[in-house]
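Participant: Please find one structure pasted underneath; my questions will follow.
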Amino acid sequence: MIKLSQVRDALYDVSMETSCYFNIKTNEILWNFDFNEEGSTYTEEDEFNDDIISMFNFYTKNDYDIMQDFISNISNDSLRNELFNATRGKGAFHRFREITDYNNITDDWYKFQNNEYKKIAEEWCNDNKIEYEKDC
2 MIKLSQVRDA LYDVSMETSC YFNIKTNEIL WNFDFNEEGS TYTEEDEFND DIISMFNFYT
62 KNDYDIMQDF ISNISNDSLR NELFNATRGK GAFHRFREIT DYNNITDDWY KFQNNEYKKI
122 AEEWCNDNKI EYEKDC
């Protein structure tokens, strides 16, 4: 059994250069670092191990969609429109963060993002029939 917080935290840690896998026998999360093979716990041999399944990569979490969902839930029309406009094009995350900081809603964003990551983690566990402990 794995703690749901471990699965959720894996989402926070994946990036363009990292992906993670799960060993269903040992309940261990394995990491593949594209530019640091020595730091990776996932090896070439693991590709052929039926006990290891893919968990997350950068595209799994889609922070942009989560950000757009957060904006949709903002009741202040002016702020919601400002955020939607600011999150178009290159630099969207930076502009989003500046506006949330200025409007004192950054903590709300992090709570929302955390809840979305938790949902993704639970869905992954359920889809892969992985037993988990709800600890977050």
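Using my numbering, you'd call the opening residue of the sequence shown number 2 and step up by one each time. Ideal placement from N, C-alpha and C gives every residue a C-beta, glycine not left out.
(1) Please report how far the alpha carbon of Asp-10 lies from the alpha carbon of Asp-78, in whole angstroms.
(2) Is the stretch 39-57 touching the stretch 10-28 in the sense that three or more CB pairs, one from each, lie closer than 8 angstroms?
(3) Would you call the CB atoms of Asn-33 and Tyr-43 closer than 8 angstroms?
(4) Under the three-state reduction of DSSP, which class applies to Glu-29: helix, strand or coil?
(5) For the alpha helix (DSSP H) containing Phe-85, name the first residue and the last one.
(6) What did DSSP end up calling Met-56 once you bin it into helix, strand or coil?
(7) Out of Ser-73, Thr-19, Glu-29, Phe-113, point me to the one whose CA is closest to Lys-4's CA.
(8) Where do the ends of the alpha helix (DSSP H) carrying Asn-50 lie?
(9) Buried or exposed: which applies to Lys-1, given that a residue is buried once 16 or more other Cβ atoms fall within 10 Å of its Cβ?
(10) Using only alpha-carbon positions, find the residue among Leu-31, Glu-39, Ile-131, Asn-37 that is nearest to Asp-47.
(11) Are there three or more Cβ pairs, one per stretch, closer than 8 angstroms when the stretch 101-114 is compared with the stretch 66-77?
Facilitator: Based on what the coordinates show:
(1) Against the sequence shown, residue 10 aligns to sequence position 9. Against the sequence shown, residue 78 aligns to sequence position 77. Their backbone Cα atoms lie some 33 angstroms apart in a straight line.
(2) yes
(3) If you number the sequence shown from 1, residue 33 lands on position 32. If you number the sequence shown from 1, residue 43 lands on position 42. Yes, they are a contact pair.
(4) By 1-based counting over the sequence shown, the position of residue 29 is 28. Reduced to three states, the DSSP call for Glu-29 is strand.
(5) In the sequence shown, counting from the first residue as 1, residue 85 sits at position 84. From DSSP, the alpha helix (DSSP H) with Phe-85 extends over 78-87.
(6) Sequence index remark: in the sequence shown, residue 56 carries index 55 (1-based). Here Met-56 sits in strand by DSSP.
(7) Stepping through the sequence shown from its first residue, residue 4 is reached at position 3. Checking every option, the nearest Cα to that of Lys-4 belongs to Glu-29.
(8) To locate residue 50, count along the sequence shown from 1; it is residue 49. First-last for Asn-50: undefined, no H or E at that position.
(9) Nothing about residue 1 can be read from this structure; the chain reaches only from 2 to 137.
(10) Working through the sequence shown from its first residue, we reach residue 47 at position 46. Checked all of Leu-31, Glu-39, Ile-131, Asn-37; the closest Cα to Asp-47 is Leu-31.
(11) yes
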